[in-house]
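See structure below.
2 protein chains.
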Amino acid sequence: MSFNELNWVEFLKKKAKRPKSVFAGIGDDCAVIRNRGKYYLVSSDLFIENVHFKLKDISFINIGMRAASRALSDIAACAGKPKFIIISAGIPSYVTSRQMKEIMKGIEETASKCCTSVIGGDTSRSDKLFLDVWVTGEAKRPILRKTAKTGDYIFVTGKLGKLAFNKPFMPRLKKSFYLAKNFKVNAMIDVSDGFIVDLYRILKESGRGAVIFKDMIPVTRGESDLYRGEDYELIFTVDKNEPKIELLKKKFYWAGYIKERRFGYYSKEGNFKKRVKLKGYFHF
Amino acid sequence: MSFNELNWVEFLKKKAKRPKSVFAGIGDDCAVIRNRGKYYLVSSDLFIENVHFKLKDISFINIGMRAASRALSDIAACAGKPKFIIISAGIPSYVTSRQMKEIMKGIEETASKCCTSVIGGDTSRSDKLFLDVWVTGEAKRPILRKTAKTGDYIFVTGKLGKLAFNKPFMPRLKKSFYLAKNFKVNAMIDVSDGFIVDLYRILKESGRGAVIFKDMIPVTRGESDLYRGEDYELIFTVDKNEPKIELLKKKFYWAGYIKERRFGYYSKEGNFKKRVKLKGYFHF
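The listed protein sequences derive, respectively, from chains A and B. Position 4 (the first sequence) corresponds to 3 in numbering that gives the first Met the number 0; numbering is contiguous. Position 184 (the second sequence) corresponds to 183 in numbering that gives the first Met the number 0; numbering is contiguous.
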């Protein structure tokens, strides 16, 4: 038996003793540390050859860009502002120094676009190429997965299934900042493993159920896009008392409602109500 | 051509744009961030199957202990107090959930002995087992590699070559705290890649030379211990005006003097002066 990602997170959560200053820890996009009224965010993201990418499919500069964007997307998901990036790299003998410099260039270009910079790193020989990108950030009011409320509107920031696995993308830092500043957003997550699974993470952490309107969720190819990962759009839930809800419905995609836990996780398709099946993109 | 670790660090250093609040970055044991008069430390350490350990040589609990200790040793090297630990794990299919729990137990036991705790983590499938352990810390006065001064006494905290690669060890957090509090310590590093290479790192970062007294450096088996890594004793340099220098010579091992850069890196053996050869334990 081997761990899948949800299992491991569950296990870590049970084991980890969270000090009082740790506002959110395992099971959220970022670890959130409260210190003298400020919230500090820390997040990491693994990007591993033959797991998340194959060398024949992606250029080295795009490996760097994607590795950085994936980690920065976690900061976006918490409505944070990125501060510093630190990189651990496992480098196999078949990757040349020129190729490593390309990767570094990709990381730095993305860092610079997101107003942050690389301040340190560790490296080691390795059988396969991997990057572990760490980002620290700050937030006035971090938005977590575990704070969705019954009656919340569920939204998604953009069309799903658009993003090719080997192309760079920009983390939704501006969108999440705008949302956190102007609306009563209760919970948020980025779509890294598929809409269905990532919304499920909000439900699980918040102890809630949901109904989604499958026909209203914007997809590129069809229903399978709801189960595809690596989209990096944001799923967010908005309080039922939000006065500017119509503006949100115009600007983003309304996808459903948060329900009480006992309701379960359902999809409304026309006049039918179907139980949602979890079969998302797991890394295990 | 592939990177060796010193090359990669040099490369990162040239590329990384260090913001003003970053007090020390690439090329030191920790990244040091100054914020409102406080110093925050961040450090990471990779522990990779078939690079740093082989599964047949080490128990799973010891993998966890060693991975945590190696990262905490970087905080010790900066005279910091550890705060939080975050773990990224690459888990191959042949590692069972029971074995992962053993690893986690090892990490937590070490964390708890060092008065810190695990607050988060990321995980992914991987071909080989690896852990990337991140530690944050704080220091009133962080001690760096780059601040050795000409005339400094060079010391080492303990005997080299004692430590078996598959056994747990305790990071020298108490010793480094004691040293930083009571003496004019100018520079410090932990012995991860061998005394000769790690002292060289201090010299390189500080722009200095050194003479070491090879016969006075405590070793277990002989000269080869100076080139062996994974000791985790501390090398530290003490200002020539330190009034309590005799106390230090009693408590620790005096190993030489920091010299001006143009002096070079020499070893005094009896009446002979020999240029030190760099052939330490590199991960590349």
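Backbone N, C-alpha and C define an ideal beta-carbon position, used for all residues, glycine too.
| Item | Value |
| --- | --- |
| Can you give the Cα-Cα distance for Val134 of chain B and Ser116 of chain B, rounded to whole angstroms? | 10 Å |
| Excluding five sequence neighbours on each side, which residues of the same chain lie with their C-beta closer than 8 Å to the C-beta of Ser205 of chain A? | Arg144, Lys145, Thr146, Ala147, Lys148, Ala186, Ile257 |
| Can you name the residues that DSSP bridges to Val275 of chain A? | According to DSSP, Val275 of chain A bridges with nothing at all. |
| Can you confirm whether Val50 of chain B, when its beta carbon is compared against all beta carbons of chain A, has any partner nearer than 7 Å? | yes |
| What do you reckon, are the CB atoms on Val41 of chain A and Pro141 of chain A nearer than 7 Å? | no |
| In three-state terms, what does DSSP make of Tyr226 of chain B? | helix |
| Given that Leu45 of chain B touches chain A, what residues does it touch there, using C-beta distances under 9 Å? | Ser87, Ala88, Gly89, Asp121, Thr122, Ser123, Ser125, Asp131 |
| Taking only beta-carbon atoms, is Ile60 of chain B less than 7 Å away from chain A? | no |
| If you compare alpha carbons, which of A:Tyr252, A:Tyr265, A:Lys249, A:Ile188 is closest to Glu229 of chain A? | A:Ile188 |
| Identify which residue in A:Phe194, A:Phe59, A:Ala179 has its Cα closest to the Cα of Tyr231 of chain A. | A:Phe194 |
| Since Thr30 of chain A meets chain B, which of its residues come closer than 8 Å, beta carbon to beta carbon? | Rather than Thr, the amino acid found at residue 30 of chain A in this sequence is Ala. Within chain B, the residues near Ala30 of chain A are Phe83, Ile85, Ile118, Gly119. |
| Answer yes if the stretch 104-123 of chain B comes into contact with the stretch 265-275 of chain B, meaning at least three C-beta pairs across the two stretches below 8 Å, and no otherwise. | no |
| What distance in whole Å lies between the Cβ atoms of Ser125 of chain B and Pro87 of chain A, which are believed to be in contact at a cut-off of 8 Å? | Residue identity differs from the one stated: residue 87 of chain A is Ser in this sequence, not Pro. Not quite, the Cβ-Cβ distance comes to about 13 Å (not below 8 Å), so this is no contact. |
| Over the uninterrupted beta strand (DSSP E) stretch that includes Ser87 of chain A, give me the two end residues. | 80-90 |
| Could you give the C-beta distance for Glu137 of chain A and Tyr38 of chain A, rounded to a whole number, given that I count them as a contact under 8 Å? | 7 Å |
| Quick test of the definition: if touching needs 3 or more C-beta pairs under 8 Å, does the stretch 196-203 of chain B touch the stretch 212-221 of chain B? | no |
| Between which two residues does the beta strand (DSSP E) holding Arg33 of chain A run? | 30-34 |
| Identify, in the order they occur along the chain, each residue of the same chain with its Cβ nearer than 6 Å to the Cβ of Phe59 of chain A, setting aside the five sequence neighbours on each side. | Gln98, Glu101, Ile102 |
| Alpha carbon to alpha carbon, what distance is there between Ser92 of chain B and Asn49 of chain B? | 16 Å |
| Would you report the Cα separation of Val218 of chain B and Phe271 of chain B, rounded to the nearest angstrom? | 20 Å |
| Given the structure, does Glu241 of chain A come close to the ligand MN, in the sense that its CB is under 6 Å from one of the ligand's heavy atoms? | Inclusion of the ligand MN in the displayed structure is not the case, the ligand content being empty and no account of it being possible. |
| Consult DSSP for Glu232 of chain B and reduce its assignment to one of helix, strand or coil. | coil |
| Can you pull the DSSP bridge partners for Ala138 of chain B? | B:Tyr38 |
| Are the beta-carbon atoms belonging to Gly119 of chain B and Ile85 of chain B less than 7 Å from one another? | yes |
| Residue range of the alpha helix (DSSP H) that Thr109 of chain B falls in? | 96-112 |
| Just curious, the beta strand (DSSP E) that Lys258 of chain A is in, first and last residue? | 252-259 |
| What do you get for Ala78 of chain B, buried or exposed, if any count of 16 or more other CB atoms within 10 angstroms of its CB means buried? | buried |
| Name, please, each residue of chain A whose Cβ falls closer than 9 Å to the Cβ of Leu41 of chain B. | A small fix is needed here, since residue 41 of chain B is Val in this sequence, not Leu. Under the 9 Å cutoff, chain A gives Val41, Phe83, Ile85, Ile118, Gly119, Trp133, Thr135. |
| Let's test the definition: count the other Cβ atoms within 10 Å of the Cβ of Gly269 of chain B and tell me whether it reaches 16, buried, or not, exposed. | exposed |
| Would Ile57 of chain A and Asn165 of chain A be called neighbours here (beta carbons separated by less than 7 Å)? | yes |
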